[in-house]
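Here's the structure we're looking at; comments come further down.
Numbering (the working numbering), first residue to last: 1 to 82.
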């Protein structure tokens, strides 16, 4: 089981701030594929992963990063400064 957190428009499209997910995914990309296959709202949220960032246990990571030992995955749009 892994905690998946959604922020900003990702949360709005999915309709949840977080959920606990049972997954066999080995990488973030595999997790995204599993989530996208669930239903349309996930497909919409993950349609363009180039518009997303991911953090594993609160550390920025790439979509090809391993999920081994990870307890929390967070998806969010890139931050802008100003």
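Each residue gets a CB set at the ideal place from its N, CA and C atoms; glycine is no exception.
Taking all protein chains shown into account, do 16 or more other C-beta atoms lie within 10 angstroms of the C-beta of residue i, making it buried, or fewer, making it exposed?
i          : result
residue 35 : buried
residue 67 : buried
residue 60 : exposed
residue 45 : buried
residue 16 : exposed
How long is the line joining the alpha carbons of residue i and residue j, rounded to whole angstroms?
i          : j          : result
residue 41 : residue 14 : 5 Å
residue 28 : residue 53 : 11 Å
residue 73 : residue 9  : 16 Å
residue 78 : residue 26 : 24 Å
residue 24 : residue 33 : 11 Å
State the CB to CB distance for the pair residue i and residue j, rounded to an integer number of angstroms; the pair is presumed to be in contact (CB under 8 Å).
i          : j         : result
residue 19 : residue 4 : 6 Å
Give the list of continuous beta strand (DSSP E) stretches no shorter than 3 residues that lie fully inside the region 29-61.
53-56, 59-61
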